[in-house]
Amino acid sequence: MIGAAEFARRRRQLMRMAGADAAVLVAAAPERMRSADAAWPYRQDSDFHYLCGFPEPEAVLALLPGRGHGEVVLFCRENDAEAHALRAPVIGAEAAIERFGVDDAFPVADIDDILPGMLEGRERVFCHFGREPGFDAQLMGWMRRLRTLRGGGIVPKEFQDLGHLLHDLRLFKSRTELRLMRRAAALTAEAHRDAMRLTRPGRHEFEIEAEWLHAVRRRGAVAAFTPNVAGGERALIVHYHANNARLADGEMVMLDAGAEIDCYAADITRTYPVNGRFSPTQRALYEVVLQAHTAALQAIAPGRAYLDAHEAALDALAEGLCRLGVLPGSAKKVRASGALERLFPHKTSHWLGMDVHDVGDYRVADEPRLLEPNMVLTVEPGLYIPADATDIDPKWRGMGIRIEDDVVVTRDGHEVLTDAVPRDIPGIEALMAGSG
Ligand code: GLY
Ligand code: MN
Ligand code: MN
C-alpha cells in the first residue's frame, strides 16, 4: 500500500511544479454501468488515486498551494444513513481528513457553493478537460459561479492540461511503487504458470482464462485488463477477448494478461503449444521472437533511447525471418522495405504502471526519450503471419507469437520482473509436462 506520507509527497511535488498561483483539480472516476442498474466493478481514476488514494467515486480533489486553511481539499460523498442503505460504507468528509491526510474535506453536494470561491485569484487551473463530459460541464459551471461571486469574481486566466505535469511524475516509480509492481508481476507469473499447466487439447480458452483469474482473485488482486486467451489464428487478432473457442491439438495459444494490485499493473504474454510440445515450425518461428526479445532486453539501460529496444527487436526479427526463408532477400533489405511491419505491427515497449499502457511522454523535444532509472516498461516483440499471406510459405501462415515481460530500468541496466514464468522452449515444455 502507498502510505499517507507518499501521497503527501506527490501532492507537494505537483504543487511545486504547478506554482503558487495555480490550482489543481482532479476528479474521481465516475461509476460506470454495465447494464441497467448493474455497475462495472469500480476502478479509481489513476491520477486521482496517485494523489490521494481515496477510493470512492463522486469526489474531487483540489490542490490550492498557499491556501491558509489548508492546501489539500477533498469533496466527497456524505456519510449519511441514506448512503449506508444504498451501498458499502461511505468514508465521508470527517474520516477522509483522518485517513487520507487531506487538510479539509466537504460534502461533494456542496462543491458548487464552496469551490468557486477557492479558485478566486488563482492565475491558472490545471485539470483534465475533454475527458469526462460531466467534469467539463461542472468546471464551466464553477467559472460561471465565480463570475457572479459578490462584486464579480475574476476567473483564472489560463487552463492548462494537468497531464503534462502529473504524468512525468508518474513515469518514475518510487520504491513502494516498485514493490507493488513486483508483487503484481510475481502474482501474474504464478497465474500464468497455473494456466499453462491446465492447457491441453479440447479445453476452451475460457477455461484457461478462469484458471488464470482464479489464481489472481483468490489472492485478492484483480485483472488489470480482460485476459486475452487466443488459440491458433485468433492470436493474430490484437484485441481478442472473446476467449470462447476450443483449443486444438497442434496449435499454439497466446495468453496475455496482467494482475493489478492497489492500482498497479503487470502485463505478461506467453505463447505456447496447446499439447505441450512445439512442432518444428512453431519452434523455429518461436526462436526468432525469443531472439528478438533477448536483443530488445539488451538495449534497456539508462541513457539508451526508449526506441532502441524496438530497433534491436526489428533487426533480430528481420534476420531470423530471412534465415528461415519466411521473407525473401536480406535482413537489410527487409528492414529498409517495411515488409516486417506487416508481420509485427506494434511497438516493442510501452510504459507500465497504474495504467497498463501507462502515462508519460515517449518523445522529448521530438526525440525518442532516453531511459532513466525507475522507469518501467514492457518488452513484447511478436510475429503475426496472416493466414492469407499468399507470398509466404503456407507452413508459416496463421501463427501469432508474442513474448511479453515487464522490465524496470535500474542504475546499471535493467531488472526483469517476470522471469518466474518460463519463456525458453525447454522451460515451457517442462512446465507443461508437469516437471517445471
Ligand atoms: N495487454 C496489452 C498489451 O500487451 O499491450
Ligand atoms: Mn503490453
Ligand atoms: Mn500484454
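Heads up, the sequence shown is in my numbering, so the first residue is 1 and it goes up one at a time. C-beta: ideal position from N, C-alpha, C; glycine also.
Backbone CA spacing between Val-416 and Val-408 [nearest angstrom]: Within the sequence shown, the letter at position 416 stands for residue 416. Within the sequence shown, the letter at position 408 stands for residue 408. Between Val-416 and Val-408, the C-alpha separation is close to 6 Å.
Which same chain residues, not among the five before or five after Gly-232, have their C-beta less than 6 Å away from its C-beta? Position 232 of the sequence shown holds residue 232. If you ignore the 5 residues before and after Gly-232, its C-beta comes within less than 6 Å of the C-beta of Glu-251, all in its own chain and listed in chain order.
Per DSSP, which one or two residues make a beta bridge with Gly-413? On the sequence shown, residue 413 is found 413 positions in, with the first residue counted as 1. Beta bridge pairing from DSSP links Gly-413 with Thr-410.
Proximity test, Asp-355 beta-carbon vs ligand 3 heavy atom, cut-off 7 Å: Position 355 of the sequence shown, counted from the start, is the residue given in the question as residue 355. Incorrect: Asp-355 has no Cβ contact closer than 7 Å to ligand 3.
C-alpha distance - Gly-303 paired with Ile-268, whole-angstrom precision: If you number the sequence shown from 1, residue 303 lands on position 303. If you number the sequence shown from 1, residue 268 lands on position 268. The straight-line gap separating the alpha-carbon atoms of Gly-303 and Ile-268 is approximately 25 Å.
Measuring straight from C-alpha to C-alpha, what distance separates Ala-266 and Ala-105? In the sequence shown, counting from the first residue as 1, residue 266 sits at position 266. In the sequence shown, counting from the first residue as 1, residue 105 sits at position 105. The alpha-carbon atoms of Ala-266 and Ala-105 are separated by roughly 33 Å.
Name, in chain order, the residues that DSSP records as bridge partners for Gln-13. Looking up residue 13 in the sequence shown gives position 13. Per DSSP, Gln-13 has no beta bridge partner at all.
For Pro-328, write down the residues that DSSP places opposite it in a beta bridge. Here residue 328 refers to the residue found at position 328 of the sequence shown. Paired residue(s): none; Pro-328 is not in a bridge.
Reducing DSSP to helix, strand and coil, say where Gly-232 ends up. If you number the sequence shown from 1, residue 232 lands on position 232. Here Gly-232 carries a helix assignment [DSSP, helix/strand/coil].
Hey, quick one: how far does the alpha helix (DSSP H) through Gln-138 stretch, first residue to last? Here the question's residue 138 lines up with position 138 in the sequence shown. Element bounds for Gln-138: 133-147.
Beta-ladder partner(s) of Gln-160, from DSSP: The residue labelled residue 160 in the question sits at position 160 within the sequence shown. Its beta-bridge partners are Phe-126.
For the beta strand (DSSP E) that Tyr-306 lies in, which residues bound it at each end? For the purposes of this step, residue 306 is taken as the residue at position 306 of the sequence shown. DSSP places Tyr-306 in no beta strand (DSSP E); its state is neither H nor E.
Check: Asp-412 C-beta below 7 Å from any heavy atom of ligand 2: Along the sequence shown, read from residue 1 onward, the residue named residue 412 stands at position 412. Incorrect: Asp-412 has no Cβ contact closer than 7 Å to ligand 2.
How close, in whole Å, do the beta carbons of Arg-423 and Ile-403 come, if the pair is a contact with beta carbons under 8 Å? Residue 423 sits at position 423 when you count from the first residue of the sequence shown. Residue 403 sits at position 403 when you count from the first residue of the sequence shown. Confirmed, about 5 Å.
Mark Pro-273 as exposed unless 16 or more other C-beta atoms lie within 10 angstroms of its C-beta, in which case mark it buried. Counted from its first residue, the sequence shown places residue 273 at position 273. A buried status is given to Pro-273, since no fewer than 16 other beta-carbon atoms sit within 10 Å of its beta-carbon.
Taking one C-beta from the segment 197-204 and one from the segment 47-65 each time, how about it: are there three or more such pairs within less than 8 Å? Verdict: no, contact absent.
Straight-line Cα distance separating Arg-124 from Val-334: Working through the sequence shown from its first residue, we reach residue 334 at position 334. Working through the sequence shown from its first residue, we reach residue 124 at position 124. Each residue's alpha carbon lies about 51 Å from the other.
Inter-residue spacing [alpha-carbon to alpha-carbon] between Ile-154 and Asp-21: Numbered from 1 along the sequence shown, position 154 holds the residue referred to as residue 154. Numbered from 1 along the sequence shown, position 21 holds the residue referred to as residue 21. Approximately 13 Å, taken between the alpha carbons.
Taking 7 Å as the cut-off, is the C-beta of Glu-205 nearer than that to any heavy atom in ligand 3? Taking the first residue of the sequence shown as 1, we reach residue 205 at position 205. Incorrect: Glu-205 has no Cβ contact closer than 7 Å to ligand 3.
Check whether the Cβ of His-310 lies closer than 7 Å to any heavy atom of ligand 2, and answer yes or no. Walking along the sequence shown from the start, residue 310 turns up at place 310. When distances are taken from the beta-carbon of His-310 to the heavy atoms of ligand 2, even the shortest one reaches 7 Å or more.
Residue range of the unbroken alpha helix (DSSP H) whose run includes Asp-113: On the sequence shown, residue 113 is found 113 positions in, with the first residue counted as 1. Element bounds for Asp-113: 111-119.
Around the C-beta of Glu-341, are 16 or more other C-beta atoms found within 10 angstroms, so that it is buried, or is it exposed? The residue given as residue 341 occupies position 341 in the sequence shown. By the 16-neighbour rule on beta-carbons within 10 angstroms, Glu-341 is exposed.
Exposed or buried, Ser-349, counting other C-beta atoms within 10 Å across all chains shown (16 or more means buried)? Position 349 of the sequence shown holds residue 349. The residue in question, Ser-349, is buried, as its Cβ has 16 or more Cβ neighbours within 10 Å.
Per DSSP, Tyr-264 forms a beta bridge with which residues? Locating residue 264 in the sequence shown gives position 264, where the first residue counts as 1. Tyr-264 is bridged to Ile-261.
For ligand 2, I want to know if Glu-287 counts as a neighbour, meaning its beta carbon is within less than 7 Å of at least one of the ligand's heavy atoms. Taking the first residue of the sequence shown as position 1, residue 287 is located at position 287. Between ligand 2 and Glu-287, a heavy atom-to-CB distance of less than 7 Å is absent.
Could you say which of Gly-427, Gly-66, Glu-31, Gly-101 lies nearest to Gly-276 if we only look at CA atoms? Stepping through the sequence shown from its first residue, residue 276 is reached at position 276. Closest by alpha carbon: Gly-427.
Whose CA, out of Gln-13, Leu-146, Leu-178, Arg-11, lies closest to the CA of Asn-374? Locating residue 374 in the sequence shown gives position 374, where the first residue counts as 1. Cα-wise, what sits closest to Asn-374 is Leu-178.
Would the beta-carbon of Pro-368 fall within 8 Å of that of Leu-307? Here the question's residue 368 lines up with position 368 in the sequence shown. Here the question's residue 307 lines up with position 307 in the sequence shown. Yes.
If we count the other Cβ atoms within 10 Å of its Cβ and call it buried at 16 or more, is Tyr-362 buried or exposed? Stepping through the sequence shown from its first residue, residue 362 is reached at position 362. The residue in question, Tyr-362, is exposed, as its Cβ has fewer than 16 Cβ neighbours within 10 Å.
Terminal residues of the alpha helix (DSSP H) in which Thr-348 lies: Within the sequence shown, the letter at position 348 stands for residue 348. Counting along the chain, no alpha helix (DSSP H) covers Thr-348, and no H or E run does either.
Arg-335, DSSP secondary structure in three states: On the sequence shown, position 335 is the one that residue 335 refers to. In this structure, Arg-335 counts as helix in the three-state DSSP scheme.
Leu-74 vs Val-24 beta-carbon contact at 8 Å: Your numbering for residue 74 matches position 74 in the sequence shown. Your numbering for residue 24 matches position 24 in the sequence shown. It is not a contact, given that the beta carbons lie outside the stated cut-off.
Say the cut is 7 Å; is the CB of Phe-126 nearer than that to a heavy atom of ligand 1? Residue mapping note: residue 126 aligns to position 126 of the sequence shown, counting from 1. The answer is no for Phe-126.
Kindly indicate which three-state DSSP category Leu-370 falls into: helix, strand or coil? On the sequence shown, position 370 is the one that residue 370 refers to. Shown here, Leu-370 sits in a strand according to DSSP, grouped into three states.
Comparing alpha-carbon positions, which option in Arg-182, Ala-284, Asn-243, Val-26 lies nearest Arg-131? Position 131 of the sequence shown, counted from the first residue, corresponds to residue 131. Looking at Arg-182, Ala-284, Asn-243, Val-26, the one whose alpha-carbon comes closest to that of Arg-131 is Val-26.
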